[in-house]
Amino acid sequence: MEGQMTFEFAKRPTIKGYPELRWTGKRPYESTQYYPAQLRERYGEETNGWINKIFWGDNLQVMSHLLKEYRGKIDLIYIDPPFDSKADYKKKIEVKGVGKAETDSSSFEEKQYGDIWTNDEYLQFMYERLIIMRELLSENGSIYIHCDYRKSHHLRAIVEEIFGTQNFQNEIIWCYRGMAVSTSHYVRRHDTILFATKTSEYTFNWEKIAEPLEESTIKKYKHIDKDGRRFRLHGRNITGSPIKNSTDCDISWLEKAPELCRIDYLDEKVGSKPRDWFVMDYLNVMSDEKVNYPTQKPESLLERIINASSNPGDIVFDCFMGSGTTQAVAMKLGRKFIGADINLGAVQVTTKRLLQLQDKLAEPMQEIIKLDDIDLESGKEEQQIMNAEKYTGFEVYNVNNYDFFRNPIEARDLIIQALEIQPFPQSDVWDGELDGRMVKIMPVNRIATKADLEELKANLPYKTYEKRKTENPTQPVERITIVCMGHEPDLKASLEQELSEYKLDIEIMDILRDKKDLQLKREAEAEIVKEGSKLVIRSFYPMNLMQKLSLQKEYVEDWRQLVESIMIDWNYDGVVMQPSVTDVPDKKEIVSGIYDIPEDAGTIRVKITDLLSESLEMEVE
């Protein structure tokens, strides 16, 4: 059965002379299980039998799902993972349109994700994901890991352990400008990108990212032929020639002894070999690329990476998708792509971005490849045709029914609030305390498994337990409550058995079973009606968003000011939404709210997404 399918990874032997990074609780990652995915939405059509894929869920589970079909088939991976920056990243939420009260705030910040880790937790997190990424890479595939000064040294050690020292290719420095913000240390104006490959036979198209020639080099091409082409004159390697191997020979040699000369044309120069430091600016707030998502990277950065390490038609993968820059650039450059993110806000931002790009790419091509222009003799006709292909259709999935919360940060905070848990913000082990019991919140939006207990077991205060056991041998050394959203039936017994040398009082609080009436989020409401041949949205009430706005004393005149997008499927099949209307306005523009109903309309399903990326889906009678 699919649900029981497992994938084994080859164990990497310890090689003498090659150190490995160690950390408390380091666990081997030698297998994973298959996690099912549910197709929820489809936008556009297949191209050459392919449609791009976006996944909402824990990327470890997403990649475990992908192993079944894509093991050894992904050509390029770029990731911009957490940096362990010790910061919470927030998105600015702005009410759309006009009509705001003059004295009220028109925006607020909404937490998207936290980047606060213990060192050991972070390293294990990245270790497991890099192992499975290697499994997904093709034999000529490459991986780029974006990081900074905080963890680049640790990540490099892990990368070399997993991919092999011989397959670590380079350390790229991305330099950018910005305002000086500190006088206590050197101003930090670069990120590090680690570049590794699956094998020694990897794709690298240096000519696609060649550096422009220096002005001093261009000036050396001082001669001009009858066709207006600039050139330099060199001496051929001919025995006895007075200009043998010379550069910048006098132009007179073309008349005196042309057989001794070699013409070097400027327009035939590809450029200089690319350097391992990139100089390009970070996105400023006024950039057309900006999609209002924290830590968004510029498209120029991804263009360089994708052009260098993939070819048209290759599969590009990014499982820390964020704002969808990797996916957007891959679509523009004619690559296939797969993306994933645990944050629903990232999925919605990416979906909107790709839909807008779909429209742009659907416009008439400025350059059309004609059969007469294809060089059949070169053997590159297939590649030339591929260059004209754009893979614009995509599907949206969630993995393991990951659809309860917008993001895990929100989930944890809501659970702590709803259960009245006293939080421990700085604890490496516990999330808080409830009625004298230590509380551990398991990953949400999926059932808790025995594998999820590994982190807890690795970080328990065993020295303290030994002391307590000695002092009070008949009393529990700890009272523990594990909070989860569903769990394996033997979860408690498994933990008790593995820690049998200690007396533990373990309680499982399954919110789906024990706290069914617990209100963790408020569902949105809407009034959608048919008026003749029109579908009309009369009102929309996104409860969570309106609650946040009420705290800001924000006044909203029009429900459309709270809407990010509206999708309509006129013939919903009951399973997968395939919108034929995608009302996705840009920036501060407002959705229409009134739509023409086609004559062949059947079951109508409407999806309204608010500014918090929460969606209401409903069918219209």
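The opening residue of the sequence shown carries number -17 in the working numbering; numbering runs sequentially from there.
No residue lacks a Cβ here, since even glycine has one placed at the ideal position from N, Cα and C.
Please name the residue or residues paired with residue i in a DSSP beta bridge.
{"i": "Leu215", "result": "Ile245"}
{"i": "Ala322", "result": "Phe37"}
{"i": "Asn380", "result": "Gln20 and Trp38"}
{"i": "Glu478", "result": "For Glu478, which the question treats as bridged, DSSP gives no partner whatsoever."}
{"i": "His172", "result": "Cys157"}
{"i": "His128", "result": "Ile175"}
{"i": "Tyr184", "result": "None, per the DSSP bridge assignment."}
{"i": "Ile398", "result": "For Ile398, which the question treats as bridged, DSSP gives no partner whatsoever."}
{"i": "Asn30", "result": "Paired residues: none, contrary to the question."}
{"i": "Ile613", "result": "Residue numbering for the chain in the displayed model covers -17 to 603; residue 613 lies beyond these limits and cannot be assessed."}
{"i": "Thr229", "result": "None, per the DSSP bridge assignment."}
{"i": "Thr(-12)", "result": "Gln15"}
{"i": "Asp70", "result": "Gly96"}
Taking 8 Å as the cut-off, decide whether the C-beta atoms of residue i and residue j are in contact.
{"i": "Gly321", "j": "Gln340", "result": "no"}
{"i": "Ile550", "j": "Val573", "result": "no"}
{"i": "Phe319", "j": "Arg286", "result": "no"}
{"i": "Val511", "j": "Met467", "result": "no"}
{"i": "Gly123", "j": "Tyr184", "result": "yes"}
{"i": "Ile488", "j": "Lys474", "result": "yes"}
{"i": "Ile59", "j": "Phe299", "result": "yes"}
{"i": "Ser223", "j": "Leu236", "result": "no"}
{"i": "Val411", "j": "Leu438", "result": "yes"}
{"i": "Arg53", "j": "Glu153", "result": "no"}
{"i": "Ala192", "j": "Ile125", "result": "no"}
{"i": "Gly79", "j": "Asp385", "result": "no"}
{"i": "Phe90", "j": "Ile113", "result": "no"}
{"i": "Gln106", "j": "Lys(-7)", "result": "no"}
{"i": "Leu606", "j": "Ser532", "result": "The chain is shown from -17 up to 603; residue 606 falls before or after that span and cannot be answered."}
{"i": "Leu336", "j": "Met313", "result": "yes"}
Quick one: what's got a C-beta closer than 6 Å to residue i's C-beta in the same chain, skipping five residues either side?
{"i": "Gly575", "result": "Ile519 and Arg542"}
{"i": "Leu435", "result": "Leu477"}
{"i": "Tyr109", "result": "Ile140"}
{"i": "Met491", "result": "Thr463 and Val465"}
{"i": "Lys133", "result": "Asp66"}
{"i": "Ser291", "result": "Leu58, Ser124 and Thr185"}
{"i": "Thr6", "result": "Asp102"}
Within its chain, find whatever has a CB closer than 7 Å to the CB of residue i; leave out the 5 residues flanking it on each side and keep chain order.
{"i": "Lys251", "result": "Leu195"}
{"i": "Asp578", "result": "Ser515 and Lys516"}
{"i": "Asp249", "result": "Arg211"}
{"i": "Glu189", "result": "Val252"}
{"i": "Val331", "result": "Val273, Tyr275, Ser305 and Gly306"}
{"i": "Ile220", "result": "Lys226 and Leu242"}
{"i": "Ile288", "result": "Leu58, Val298, Val311, Ala312, Leu315 and Arg317"}
Is residue i buried or exposed, if buried means 16 or more other CB atoms sit within 10 Å of its CB?
{"i": "Val329", "result": "buried"}
{"i": "Gln479", "result": "exposed"}
{"i": "Met115", "result": "buried"}
{"i": "Val141", "result": "buried"}
{"i": "Pro63", "result": "buried"}
{"i": "Gln457", "result": "exposed"}
{"i": "Gly(-1)", "result": "exposed"}
{"i": "Gln278", "result": "buried"}
{"i": "Pro524", "result": "buried"}
{"i": "Arg428", "result": "buried"}
{"i": "Tyr17", "result": "buried"}
{"i": "Pro66", "result": "Looking at the sequence provided, one finds Asp at residue 66 rather than Pro. It is buried - the Cβ of Asp66 has at least 16 other Cβ atoms within 10 Å."}
{"i": "Val459", "result": "buried"}
{"i": "Pro561", "result": "buried"}
{"i": "Thr591", "result": "buried"}
{"i": "Gln148", "result": "exposed"}
{"i": "Asp472", "result": "exposed"}
{"i": "Gly418", "result": "exposed"}
{"i": "Ser254", "result": "exposed"}
{"i": "Thr446", "result": "exposed"}
{"i": "Tyr25", "result": "buried"}
Apart from the five residues on each side of it in sequence, which residues of its chain come closer than 8 Å, Cβ to Cβ, to residue i?
{"i": "Tyr264", "result": "Tyr158, Arg159, Gly160 and Pro280"}
{"i": "Ser622", "result": "The first residue shown for the chain is -17 and the last is 603, placing residue 622 beyond what the model contains."}
{"i": "Lys334", "result": "Val273, Glu546, Ser547 and Val566"}
{"i": "Glu371", "result": "Thr29, Asn30, Pro294, Gly295 and Gly316"}
{"i": "Asn380", "result": "Ala19, Gln20, Arg22, Phe37, Trp38 and Gly39"}
{"i": "Glu121", "result": "Gly54, Lys180, Thr181 and Glu183"}
{"i": "Cys129", "result": "Pro63, Phe65, Leu137, Asp173, Thr174, Ile175 and Leu176"}
Consider the C-beta atom of residue i and the heavy atoms of the ligand PLP; say whether any pair is separated by less than 7 Å.
{"i": "Gln340", "result": "In the structure on display, the ligand PLP does not appear, and there are no ligands present to speak of."}
Margin query: As an exercise, report each continuous alpha helix (DSSP H) stretch of at least 4 residues that is fully enclosed by the region 88 to 120, in chain order.
Written below: Within the region 88 to 120, the complete alpha helix (DSSP H) segments of 4 residues or longer fall at 101 to 118, listed in chain order.
Next item on the list: Would you list, in sequence order, the uninterrupted alpha helix (DSSP H) runs of no fewer than 4 residues that lie entirely inside the region 231 to 305?
Entry: For the region 231 to 305, whole alpha helix (DSSP H) runs of length 4 or above, ordered along the chain, are 235 to 238 and 281 to 291.
Next item on the list: Write down every uninterrupted run of the alpha helix (DSSP H) in the region 435 to 479 whose length is 4 residues or greater and which is fully enclosed by it, in chain order.
Entry: Runs of the alpha helix (DSSP H) inside the region 435 to 479: 435 to 441 and 444 to 453.
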